[in-house]
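Here this note's numbering runs 261 ahead of the position in the sequence shown, where the first position is 1.
Where is the CB? At the ideal position from N, CA and C, for every residue including glycine.
Here's the structure, in structure tokens; my notes come after.
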Amino acid sequence: MEKVVKLLFIIYTLTMVIFSFLPSNPTVANSDKLTHYFAFLVWAVFYRYSFKAGYWNIFFSSILLGAFIEIVQYFLPYRSGEYGDFVADLFGALCGMFLYFFTEYGIKIKKSGSKI
């Protein structure tokens, strides 16, 4: 099962990257920021779950992945690399890490029977 989850994470990451390089025409202004946010939120949670990666690892990996996507988009004639998209990527990854952390922390508290 662990190998399947890791494979699904890799497929998700590749799909996210490929879709980032395809032509896009958002119908609502700045709606792509929400897409970036949610894609990286899911990516961060998925990364933590599938590889048990540390939070710093996830954070720096999201910086590298987000920067890579935006730099490539900058050079594509039908896309544009934007600083705002990069910020949305990082914010999504941070929120994903917090979501996973607090979910994991809450489960540990519940299992130990501790009351806060």
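For the alpha helix (DSSP H) holding Lys264, just list the boundary residues, first then last. If you look at Lys264, you'll find it in the alpha helix (DSSP H) that goes Glu263 to Phe282.
Applying the 10 Å Cβ sphere with the 16-neighbour rule, what's the burial state of Trp304? It counts as buried.
Would you tell me roughly how many angstroms separate the C-alpha atoms of Lys372 and Leu325, rounded to the nearest one? Their Cα atoms are separated by approximately 36 Å.
Specify whether the stretch 313 to 323 and the stretch 281 to 297 touch according to this definition: at least 3 beta carbon pairs, one from each stretch, less than 8 Å apart. Because the criterion of three Cβ pairs below 8 Å is not met, the stretch 313 to 323 and the stretch 281 to 297 do not touch.
Using the C-alpha atoms, what's the distance from Thr364 back to Arg309? Using only the alpha carbons, I get a separation of about 12 Å.
Quick check on this structure: which residue in Asp346, Tyr361, Ala354 and Lys369 has the alpha carbon closest to the alpha carbon of Asn291? If you compare the alpha carbons of Asp346, Tyr361, Ala354 and Lys369 with that of Asn291, the shortest gap goes to Asp346.
Between Val278 and Ile330, which are expected to be in contact by the criterion C-beta below 8 Å, what is the C-beta distance as a whole number of angstroms? Correct: roughly 6 Å between the Cβ atoms.
For Glu331, the three-state DSSP class (helix, strand or coil): For Glu331, the secondary structure class from DSSP, reduced to helix, strand or coil, is helix.
Rounded to whole angstroms, what's the CA-CA distance from Phe280 to Glu263? Just pull it up for me. Going by C-alpha positions, Phe280 is about 26 Å away from Glu263.
With DSSP run on the structure shown, which of helix, strand or coil describes Phe372? Contrary to the premise, residue 372 reads as Lys rather than Phe in this sequence. DSSP places Lys372 in helix when its eight states are reduced to three.
Secondary structure at Ser285, three-state DSSP: helix, strand or coil? Three-state result, Ser285: coil.
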